[in-house]
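One rule links them: number in the numbering used here = place in the sequence shown (from 1) + 22. Cβ atoms here follow ideal geometry from the backbone N, Cα and C, with glycine treated the same way. Below is one structure, written out as structure tokens; comments come after it.
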Amino acid sequence: MINRPPRPEKSLPGLGLAESSCECLPACLPDGPESSLKKSWTGSLDVGEALWQIDAAQARNHRNIQGTEGSGGGQCVTCFDSGSGQQQQQRSAALGIRGNCKGGRIWLELELFQSGLNWASAACSSSRVRMAELCCRPQSHRSRAMYMKVGLSVVLAALLFVGGLQQVDAAHAPIKSATKNAYATMLYMGTPRDYEFYVAARVMLRSLAKLKVNADLVVIASSDVPMKWRKNFQKDGVRVVVVDDIPNPYRNQPKFDMRFMFTLNKIYAWTLGDYERVVMLDVDNLFLQKADELFTCGQFCAAFINPCIFHTGLFVLEPSNETFNSMLHDIQIGRQNKDGADQGFLTGYFSDLLDRPMFHPPANGTKLNGIYRLPLGYQMDASYYYLKLKWSVPCGPNSVVTFPSVPLLKPWYWWSYPVLPLGLSWHEQRRSTIGYGSEIPLLAAEAIFYLVTIIVAMIVRQRMLATERPPLIKSCLGRGPCSMESGSYIIPFLLKVAAILSIVASFGIPLIIVPTTVHPLMGWGLWLLGSMSLLIVTINIFQLPFLPVFTPWLGFFGVLLVMAYPFYSNGIIRALAIFGYAFLAAPFVWWTLTQVSMTIDLACTREPLMAYANLRSETPQSELMKLC
Numbered sequence: 023m024i025n026r027p028p029r030p031e032k033s034l035p036g037l038g039l040a041e042s043s044c045e046c047l048p049a050c051l052p053d054g055p056e057s058s059l060k061k062s063w064t065g066s067l068d069v070g071e072a073l074w075q076i077d078a079a080q081a082r083n084h085r086n087i088q089g090t091e092g093s094g095g096g097q098c099v100t101c102f103d104s105g106s107g108q109q110q111q112q113r114s115a116a117l118g119i120r121g122n123c124k125g126g127r128i129w130l131e132l133e134l135f136q137s138g139l140n141w142a143s144a145a146c147s148s149s150r151v152r153m154a155e156l157c158c159r160p161q162s163h164r165s166r167a168m169y170m171k172v173g174l175s176v177v178l179a180a181l182l183f184v185g186g187l188q189q190v191d192a193a194h195a196p197i198k199s200a201t202k203n204a205y206a207t208m209l210y211m212g213t214p215r216d217y218e219f220y221v222a223a224r225v226m227l228r229s230l231a232k233l234k235v236n237a238d239l240v241v242i243a244s245s246d247v248p249m250k251w252r253k254n255f256q257k258d259g260v261r262v263v264v265v266d267d268i269p270n271p272y273r274n275q276p277k278f279d280m281r282f283m284f285t286l287n288k289i290y291a292w293t294l295g296d297y298e299r300v301v302m303l304d305v306d307n308l309f310l311q312k313a314d315e316l317f318t319c320g321q322f323c324a325a326f327i328n329p330c331i332f333h334t335g336l337f338v339l340e341p342s343n344e345t346f347n348s349m350l351h352d353i354q355i356g357r358q359n360k361d362g363a364d365q366g367f368l369t370g371y372f373s374d375l376l377d378r379p380m381f382h383p384p385a386n387g388t389k390l391n392g393i394y395r396l397p398l399g400y401q402m403d404a405s406y407y408y409l410k411l412k413w414s415v416p417c418g419p420n421s422v423v424t425f426p427s428v429p430l431l432k433p434w435y436w437w438s439y440p441v442l443p444l445g446l447s448w449h450e451q452r453r454s455t456i457g458y459g460s461e462i463p464l465l466a467a468e469a470i471f472y473l474v475t476i477i478v479a480m481i482v483r484q485r486m487l488a489t490e491r492p493p494l495i496k497s498c499l500g501r502g503p504c505s506m507e508s509g510s511y512i513i514p515f516l517l518k519v520a521a522i523l524s525i526v527a528s529f530g531i532p533l534i535i536v537p538t539t540v541h542p543l544m545g546w547g548l549w550l551l552g553s554m555s556l557l558i559v560t561i562n563i564f565q566l567p568f569l570p571v572f573t574p575w576l577g578f579f580g581v582l583l584v585m586a587y588p589f590y591s592n593g594i595i596r597a598l599a600i601f602g603y604a605f606l607a608a609p610f611v612w613w614t615l616t617q618v619s620m621t622i623d624l625a626c627t628r629e630p631l632m633a634y635a636n637l638r639s640e641t642p643q644s645e646l647m648k649l650c
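Shown next, in the form of structure tokens:
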């Protein structure tokens, strides 16, 4: 506990609080309607250059927050403004303070517009700095000129915000001053594709930053999201709001998809009271241009990509605790929800959106009130692109592409291109934002393994060709060829099945092993290399001819070239070209099957005959020696 400074008896105007009391944070905070602050905080920071997060929730009428040089040791404290003028709605003051703590005690003084309290914080240790106490500190005579201003330092590592029965822990490190608006997305755990959605969220938010949007970037993360992922978001300049998962009461209804278990966390967007408007996004949105005009829309706005049902992959909202509590109550009582996810819930909650007017951005940039439909250009279904291989949506700007397809065809998977041409656009955004550095070591290791496998397999094959060919199957012991009914050798049918399954596995195993979110050129290249190495191993094991076995490999390579051809005039011609290629390639696949079957039949017929001939040529003496 720090030593408190002297406490002269003096009343502070307008607050009804005696400065001499000098109590800790809860008592010092004024409880009036003009400055209602959350009174909970946690956190610590490293000695040295440290970022102290100060988060005052629901603070009103705050202006410029300035730092002064601490009187205990003369440490220099640098602050940056989190205010935005006199705002009459609830806002959150997020203040970063940097200071060097070299031992002993350091006092940090802040001043806040409207009254004259200075707040002091302290406590340095050899390894950690932890806030031990917030206490009122009397002002010096030199600072009496600023007596009508309030100085406030609330040191927090997390914001405890109670909305209904849920807790939101805002553990974030703002990189820039807070703005009036935000682009937000959510991230939760418990699906087989958690990492893929994490990568997609980073790419989308970084692409928005690259577009220089005039808004904060926010991710609503479940409490079990790995800390490493949260820190990566913070390094990207994203505010991370940590929440508790909302239990899904619809999980037991028929046909419920478990990957939607925690999509109801999306309603936490209504608790972001720091902002006037929030654009809530799914991670599979691809921004072609910034869409900041959406912040002028009303209390709720969404687009219809289905004629009757709006899409919840992008919608605009005005944060409201009242709306959040209402939604939370509807979830808890199990309000009807067709799919058990956010889509079904929100379409039921805003059931009259289809009857609302279309949104047109005001020319003067003022914010609208009410509920509006968004033009299709803000949620262009990727399937529309594949008809003409270009965008041509006349209603509204062509700003945002969404991919509401099956999960395995999301654009971040390497196989999405050239199967779906837009996949390359998403990967281009990733290349220019977060890159592929995390997957490169694994890709290199796999490539080396496949190359070594090819070299070893080729050496073995050359030695096999240079020596007597080993028997493919076990020959019968006796003086005649094996009969099909003898059962003393492997049935040719099983050999054929094993050979065909080995060929199929040669294509399937690399498909599974390649990291799912790498660039398509890396992914397909590694897949072709891996399938080649396993095909060579299959050829050696079953003594199969080289060309028939590699015919499917050449066929796959050819279809990739057909799909990637960039000069199709529209999607119909592209589809016809792919089907035409498949039709022409089908006979070659059949030829592969027949050649594999014939090779195994010949081997099964030849080996018993060769064994019988060898036995006939042996002398009785040699046979006697074998028996002995």
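DSSP three-state call for residue i: helix, strand or coil?
| i | result |
| --- | --- |
| Arg215 | coil |
| Val265 | strand |
| Ser244 | strand |
| His333 | strand |
| Leu308 | strand |
| Thr455 | coil |
| Lys61 | Any answer about Lys61 is weak, because its pLDDT of 32 lies below 50 and its placement is not dependable; what the coordinates show is given next. Three-state result, Lys61: coil. |
| Thr424 | strand |
| Asp279 | coil |
| Ile513 | coil |
| Gln365 | helix |
| His541 | coil |
| Ala313 | coil |
| Phe471 | helix |
| Pro357 | It should be pointed out that residue 357 corresponds to Arg in this sequence rather than to Pro. Reduced to three states, the DSSP call for Arg357 is coil. |
| Cys626 | helix |
| Pro445 | The displayed chain sequence assigns Gly, not Pro, to residue 445. DSSP places Gly445 in helix when its eight states are reduced to three. |
| Leu533 | helix |
| Arg152 | Low per-residue confidence applies at Arg152: pLDDT is 32, beneath 50, and the placement is therefore not dependable enough to give any value. |
| Phe284 | coil |
| Ala385 | coil |
| Lys234 | coil |
| Ser33 | At Ser33, the pLDDT of 33 sits below 50, so the modelled position is not reliable; the number obtained from the coordinates is stated separately. Three-state DSSP puts Ser33 in a strand. |
| Ser229 | helix |
List the DSSP bridge partners of residue i.
| i | result |
| --- | --- |
| Arg689 | The displayed coordinates of the chain run from 23 to 650. Any statement about residue 689 would go beyond what the structure contains. |
| Ile393 | Phe322 |
| Met208 | Ile242 |
| Ser339 | First, the residue type needs correcting, since residue 339 is Leu and not Ser in the sequence shown. DSSP lists Val300 and Phe322 as partners of Leu339. |
| Met402 | Val423 |
| Met380 | Arg395 |
Report yes if the C-beta distance between residue i and residue j is below 9 Å; otherwise report no.
| i | j | result |
| --- | --- | --- |
| Thr318 | Pro397 | no |
| Phe326 | Leu376 | yes |
| Met585 | Val441 | yes |
| Tyr400 | Gly387 | no |
| Trp436 | Val540 | yes |
| Ala479 | Ser555 | yes |
| Val618 | Ile531 | no |
| Lys288 | Ile331 | no |
| Val559 | Leu548 | no |
| Phe381 | Gly320 | yes |
| Thr538 | Glu218 | yes |
| Phe255 | Val262 | yes |
| Thr573 | Thr627 | no |
| Leu582 | Ala469 | no |
| Pro426 | Asp306 | yes |
Let me check you understand the geometry: is the CB of residue i closer than 8 Å to at least one non-hydrogen atom of the ligand PLP?
| i | result |
| --- | --- |
| Ala521 | Of ligands this structure carries none, so the ligand PLP is not represented either. |
Pairing CB atoms from the region 401-412 with CB atoms from the region 340-349, are three or more of them under 8 Å? no
Which ranges does the alpha helix (DSSP H) cover as unbroken runs of at least 4 residues, wholly within the region 550-596, from first to last along the chain? 568-586
Does the pairing of the region 576-594 with the region 513-521 give three or more beta-carbon distances under 8 Å? no
Within the chosen definition, does the region 228-241 reach the region 269-284 through at least 3 CB pairs nearer than 8 Å? no
Under 8 Å: do the region 283-299 and the region 234-249 share three or more Cβ pairs, one atom per stretch? yes
Meets three-Cβ-pair contact criterion under 8 Å: the region 282-290 and the region 208-228: yes
Assess, as a yes-or-no matter, whether the region 309-317 is touched by the region 357-365 under the definition of 3 or more beta carbon pairs within less than 8 Å. no
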